[in-house]
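Undergrad: Below is a structure I'd like to ask you about.
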Amino acid sequence: MIDSNIFEKMLRKPKIFKNRDVLRHSYTPEYLPHRKEQIESIASILLPALQGETPSNILIYGKTGTGKTATVKFVGRQLEDAGKKMDAHCYVHYLNCEIIDTQYRVLATLAKVLGKNVPMTGWPTDQVYEELKDAIDRKDQTIIIVLDEIDKLVRKGDDVLYNLSRINSELNNARVSLIGISNDLKFKNFLDPRVLSSLSEEEIVFPPYNATQLEDILAQRAELAFYDGVLDEGVIPYCAALAAHEHGDARKALDLLRISGEIAESNQEGKITREHVREAVRKMECDHVVEAVKTLPNQSKIVLYAMILLNNSGKRKFTTGEVFAVYRSLCRKIGMDVLTQRRVSDLISELDMLGIINSIVISKGRYGRTREIKLDVPVDAVKEVILDDYRFGILRKYEGSFLNSSLDHFE
DNA sequence: CCTCCACCGGAAAGCCGGGTCA
DNA sequence: TGACCCGGCTTTCCGGTGGAGG
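The first sequence begins at 1120 in the working numbering and counts up by one.
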C-alpha cells in the first residue's frame, strides 16, 4: 500500500480514452450524420453572404440534442473558410444567450469581439449599440450573428432583437444577418410581431434522431474517442436506445457513452460493457437530482433535510406533520425563520414536482388525512449537498442525537 | 351512519425587493 | 426623487374531506 505511487498507479490503468473531448457537447465533428438536409438549407440561405449580399435571417427550432448548435457552427466554419478563399469578408459570431443573458451584454460582447473597447457594464445601451454599429460598418463585410438559446433572451425583452434586426438599414458598407436557435416553440408568442417576421424570414426545424441515427452518431464519435476493441458489442445500440427513448437526444447519448467509459476507466477495467452503461444511467440520474437540490431555495433544503433525517431514523414513510416538527426544530437550531405549516406543505409539493420525493395524499381514517411522503433519491448524495452549504454545515453535529428529543421538544 | 382527526388546498391579503415613470 | 407598480414569497383564514372507530 505504501509503495504505490499514485501516478504510477494511474499510469498502470488500462487505457480507454484516446480522446475524451470528442464526446463532449462542445466538440463539433468533421461531419454530421443525418443532418445533410439541414446543413444544405442553412448553407443555401447563407450563400448570398459570399456574394456581398445580405442573407435572410433564420430561426431554428428543435429539442435539445438534435444537433442545432453543432450544425450551425459547422456551417459557420465552412462559410468562413470559403470566404477566406474567395476573399469575401464573412464572419460568424456565436453567442449563447443563456450565458450572455442581458440585452446589454449581447451588444457589449459583440462590440468587443469586433475590436471595440466597451466595458461590460456601465455605458448606456444606446451608446454600446452605436459603437457596435460603427465597428460593423468599418468595412465591407457580412456578419452573421448566431444567438443560441434565443428564448432566454426574449424573456428579458426583445429590444436587442428589434435593434439588430433593423441594423442593416443604418449600415452603409456592411451587412448583418441573424440566426436564432431555440428549443422552445412558444417563445414566438413573446416576440413583437415585427421582430418575429424579420427574424423568421426562414425557419428550419430539426427533428429528433431515431435510435439508428443515434447509433451512427455514436459510432462515429466512438471511433475517435476510444481505443480499438475497448467497446463491448452492444454498448452503442444500448446507449442509442436509451437516448432515443428520451426524444432522441444525441447529447444524452454521448454523455451516456462518455460516462460509461469513465466508469470503466475508474474501475480499472479495459472494456466498456452494458453493465457500465446501466451504471452510467444511475449516475446521471443521481447527478441530475444533486443538481436540482443545489439550486433549491434554503427553506426547501431544510425541509428536505428534515425528511432525510426522518428517513435515516428508520422510517420509510412519513407525514407532513412529522416533517414539519423536525423542520421547525432544525430551523431553531440554526436560527432561521420558521415558515408556517401551510407554506411547508407547498414546499413539499414542489419537491414532489421536481421528482426529489414521492408523495401522495392518503386518509388514515380516524387518524386524519395527510400526505404520505417517501424519499426517492440517493439519500447520502443529497445529504452531502445540503450539508456542504456553509450555513447548514453545523447541522452535521446534531445529526444522530437530536431526532428523538426534537419531536416532542416544543417551545 | 355519524364523528372527528390531521391535514389539504383555495382565496386573499401582506410584505419586500426591484423596476418604472413623471 | 418619490410615488407607484409588479411579481414572488409568505401568512392568515377557512371550508373541505376519506375513512377508522364508535
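Where a beta carbon is used, it is the ideal one built from N, C-alpha and C, also for glycine.
Comparing alpha-carbon positions, which option in Glu1321, Ile1179, Leu1251 and Ala1341 lies nearest Glu1268?
TA: Ile1179
Undergrad: If we count Cβ pairs, one from each stretch, closer than 8 angstroms, do we get three or more for the stretch 1140-1160 versus the stretch 1280-1294?
TA: no
Undergrad: Looking only at its chain, what residues have a beta carbon closer than 7 angstroms to the beta carbon of Leu1169, apart from the 5 residues adjacent to it on each side?
TA: Ala1201, Gly1202, Met1205, Ala1207 and Cys1209
Undergrad: Excluding the 5 residues preceding and the 5 following Tyr1357 in the sequence, name in chain order all residues of the same chain whose CB lies nearer than 7 angstroms to its CB.
TA: Arg1393 and Val1396
Undergrad: Assuming Thr1147 is part of the alpha helix (DSSP H), what are its boundary residues?
TA: Bounds of any alpha helix (DSSP H) do not take in Thr1147, whose DSSP letter is neither H nor E.
Undergrad: Buried or exposed for Asn1176, please, with buried defined as at least 16 other CB atoms from any protein chain shown within 10 angstroms of its CB.
TA: buried
Undergrad: Across which residues does DSSP place Cys1209 in a beta bridge pair?
TA: Thr1261
Undergrad: Are the beta-carbon atoms of Asn1292 and Asp1259 separated by less than 9 angstroms?
TA: yes
Undergrad: Starting from Thr1331, follow the alpha helix (DSSP H) in both directions and report where the run begins and ends.
TA: Ala1330 to Ala1344
Undergrad: Which residues bound the alpha helix (DSSP H) around Tyr1357?
TA: If you look at Tyr1357, you'll find it in the alpha helix (DSSP H) that goes Val1354 to His1364.
Undergrad: Kindly provide the ranges of any alpha helix (DSSP H) runs that are 4 or more residues long and lie completely inside the stretch 1140-1207, ordered along the chain.
TA: 1155-1165 and 1187-1205
Undergrad: I'd like to confirm the pairing. Which residues does DSSP put opposite Asn1477 in its beta bridges?
TA: Paired residues: Lys1493.
Undergrad: Nearest by alpha-carbon distance to Gln1418: which of Lys1493, Ala1330, Ser1288 and Gly1454 is it?
TA: Gly1454
Undergrad: Classify Asp1278 as helix, strand or coil using the three-state DSSP reduction.
TA: helix
Undergrad: Confirm, please, whether the CB-CB distance from Leu1290 to Lys1252 is below 9 angstroms.
TA: The Cβ atoms of Lys1252 and Leu1290 sit closer than 9 angstroms to each other.
Undergrad: For Val1324, name the three-state secondary structure that DSSP assigns.
TA: strand
Undergrad: Apart from the five residues on each side of it in sequence, which residues of its chain come closer than 7 angstroms, Cβ to Cβ, to Phe1126?
TA: none
Undergrad: Let's test the definition: count the other Cβ atoms within 10 Å of the Cβ of Gln1387 and tell me whether it reaches 16, buried, or not, exposed.
TA: exposed
Undergrad: What residue from Val1463, Lys1452 and Lys1420 has the CA that sits closest to Val1498's CA?
TA: Lys1420
Undergrad: Alpha carbon to alpha carbon, how far is Asp1495 from Leu1470?
TA: 11 angstroms
Undergrad: On the CB-based measure, 16 or more other CB atoms within 10 Å of its CB, does His1528 come out buried or exposed?
TA: Model confidence at His1528 stands at a pLDDT of 42, short of 50, so the residue's coordinates are unreliable; what they give is reported in the following sentence. When all chains shown are included, His1528 counts as exposed.
Undergrad: Report the residue ranges of all alpha helix (DSSP H) runs contained in full by the stretch 1389-1445; include only those spanning at least 4 residues, in chain order.
TA: 1393-1413 and 1417-1431
Undergrad: Is it true that the stretch 1186-1201 meets the stretch 1216-1232, where meeting means three or more beta-carbon pairs spaced less than 8 angstroms apart?
TA: no
Undergrad: Just to confirm before moving on: does the CB-CB distance between Leu1214 and Val1295 stay below 9 angstroms?
TA: Not closer than 9 angstroms, so no.
Undergrad: Out of Phe1306, Leu1423, Ile1263 and Gln1339, which has the shortest C-alpha to C-alpha gap to Leu1272?
TA: Phe1306
Undergrad: Run through DSSP, which three-state label would Arg1488 get?
TA: strand
Undergrad: For Ile1475, which option in Met1426, Leu1514 and Asn1124 has the closest C-alpha, if you only look at C-alpha atoms?
TA: Met1426
Undergrad: Suppose the cutoff is 8 angstroms on Cβ atoms and the five residues either side in sequence are ignored; what does the same chain contact list for Glu1322 look like?
TA: Excluding residues within five positions, the ones whose Cβ falls inside 8 angstroms are Ile1177, Leu1178, Ile1179 and Tyr1180.
Undergrad: Leaving aside the five residues before and after Lys1413 along the sequence, list all residues of the same chain whose C-beta is less than 8 angstroms from its C-beta, in chain order.
TA: The answer, listed in chain order, is Val1504.
Undergrad: May I ask which residues mark the beginning and end of the alpha helix (DSSP H) holding Val1232?
TA: Gln1222 to Val1232 is the span of the alpha helix (DSSP H), which, as asked, contains Val1232.
Undergrad: With distance defined between alpha-carbon atoms, name the residue in Lys1137, Phe1511, Val1457 and Val1194 nearest to Leu1343.
TA: That would be Lys1137, whose Cα lies nearest to the Cα of Leu1343.
Undergrad: In its own chain, which residues sit with a C-beta less than 6 angstroms from the C-beta of Leu1226, not counting the 5 before and 5 after it?
TA: Val1247, Tyr1248 and Leu1251
Undergrad: Using only CA atoms, which one of Asp1374, Lys1483, Ser1317 and Glu1156 lies nearest to Glu1398?
TA: The alpha carbon of Glu1398 has as its nearest neighbour, out of Asp1374, Lys1483, Ser1317 and Glu1156, the alpha carbon of Asp1374.
Undergrad: Which partner residues does Leu1506 have in the DSSP bridge list?
TA: In DSSP, Leu1506 forms no bridge with anything.
Undergrad: DSSP on Phe1511, reduced to helix/strand/coil?
TA: In the structure shown, Phe1511 sits in coil (DSSP, three-state: anything other than H, G, I, E or B).
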